[in-house]
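In UniProt numbering, the protein residues as written are 1 to 232.
Glycine included, every Cβ here is placed at the ideal spot set by N, Cα and C.
All of these numbers come straight from a predicted model, not from anything done at the bench.
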């Protein structure tokens with residue numbers, strides 16, 4: 001059923017699955033459901049489909065309350081409010097082409113082995129063919145994210161410094177397993193790629209040398225060192 005949902009979801013609908021721990025011993029698998037447009041009958045019908053994919057936590061609101069009009073800023077703020085103010089660890093973000101049976105098994109193992117003290121987890125973000133970023137008439141850009149892909153965010157964050165090493169190791173092992181998958185893409189998401197696995201050549205391809213040239217020309221003192229790391 002989940003496979004059918006992903007194959008038939010309309011352009012308006014974005015579904016981002018995630019796995020996290022809502023508290024000690026409270027693992028949670030869910031979807032971020034975002035509908036781009038008015039709350040139509042189609043929107044409500046799709047929300048019902050997604051809601052019925054599995055048992056819900058008691059705190060999940062009904063459809064009338066859950067489908068609220070919002071802005072991108074408010075949506076991000078609400079998401080952020082569910083995160084701890086401080087966490088310790090590292091992130092990885094390999095990209096894949098699809099959810100293959102091998103990837104499904106990898107995700108299941110990641111969920112089963114995630115440390116109890118992890119306040120991160122993992123999620124996937126999908127760039128579909130219908131996205132404006134994938135259209136033939138998008139503006140020229142050095143961005144490599146111009147084709148359909150799924151970015152896997154692996155958040156190896158511990159609740160405190162003592163918990164961090166185990167969570168970092170879990171994230172590393174998870175990243176390495178995905179890197180051996182049958183659906184791996186060379187790109188990773190720059191903002192969530194750990195420094196030890198950063199490969200700017202894979203991310204920017206033939207645009208990398210032009211980026212380095214611009215960096216040397218406009219920022220020789222590396223003032224903006226956190227915007228594009230390792231360019232100098």
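Coarse secondary structure for residue i, derived from DSSP in three states
i, result
"residue 93", "coil"
"residue 145", "coil"
"residue 124", "strand"
"residue 67", "coil"
"residue 174", "helix"
"residue 56", "coil"
"residue 130", "coil"
"residue 200", "helix"
Whole-angstrom distance between residue j and residue i, CA atom to CA atom
i, j, result
"residue 226", "residue 67", "36 Å"
"residue 96", "residue 154", "13 Å"
"residue 79", "residue 32", "10 Å"
"residue 177", "residue 200", "21 Å"
"residue 156", "residue 179", "16 Å"
"residue 7", "residue 46", "13 Å"
"residue 186", "residue 104", "20 Å"
"residue 132", "residue 165", "40 Å"
"residue 136", "residue 72", "25 Å"
"residue 56", "residue 34", "18 Å"
"residue 37", "residue 102", "35 Å"
"residue 19", "residue 70", "24 Å"
"residue 107", "residue 14", "20 Å"
"residue 112", "residue 183", "22 Å"
"residue 214", "residue 221", "13 Å"
"residue 140", "residue 190", "19 Å"
"residue 195", "residue 40", "44 Å"
First through last residue of the beta strand (DSSP E) which encompasses residue i
i, result
"residue 112", "Per DSSP, residue 112 belongs to no beta strand (DSSP E); it is in the alpha helix (DSSP H), 101 to 113."
"residue 190", "First-last for residue 190: undefined, no H or E at that position."
"residue 29", "27 to 35"
Nonlocal neighbours in the same chain, by C-beta distance under 6 Å from residue i, ignoring five residues either side
i, result
"residue 84", "119"
"residue 193", "93"
"residue 150", "96, 124, 126"
Residue i: first and last residue of the uninterrupted alpha helix (DSSP H) it sits in
i, result
"residue 19", "Counting along the chain, residue 19 falls outside any alpha helix (DSSP H), though it belongs to the beta strand (DSSP E) covering 13 to 21."
"residue 159", "No alpha helix (DSSP H) holds residue 159; DSSP gives it neither H nor E."
"residue 76", "72 to 81"
"residue 211", "208 to 218"
"residue 51", "41 to 51"
Spatial neighbours of residue i in its chain, beta-carbon cut-off 7 Å, leaving aside the 5 residues before and after
i, result
"residue 160", "88"
beta-carbon residue i near the ligand SAH non-hydrogen atom, thresh 7 Å
i, result
"residue 152", "Ligands are entirely absent from the displayed structure, and the ligand SAH is therefore not among its contents."
Whole-angstrom C-beta distance between residue j and residue i, which should lie under 8 Å
i, j, result
"residue 188", "residue 100", "Not confirmed; about 18 Å, so no contact."
"residue 86", "residue 124", "Their Cβ separation, rounded to whole angstroms, is 25 Å, which puts residue 86 and residue 124 out of contact at 8 Å."
"residue 17", "residue 42", "Rounded, the Cβ-Cβ distance is 21 Å, inconsistent with contact."
"residue 110", "residue 206", "No, residue 110 and residue 206 are not in contact; Cβ-Cβ is about 33 Å, not under 8 Å."
8 Å Cβ shell around residue i - same chain, five flanking residues per side excluded
i, result
"residue 21", "27, 28, 114, 116, 118, 119, 121"
"residue 147", "127, 134"
"residue 169", "156"
"residue 129", "148"
"residue 75", "34"
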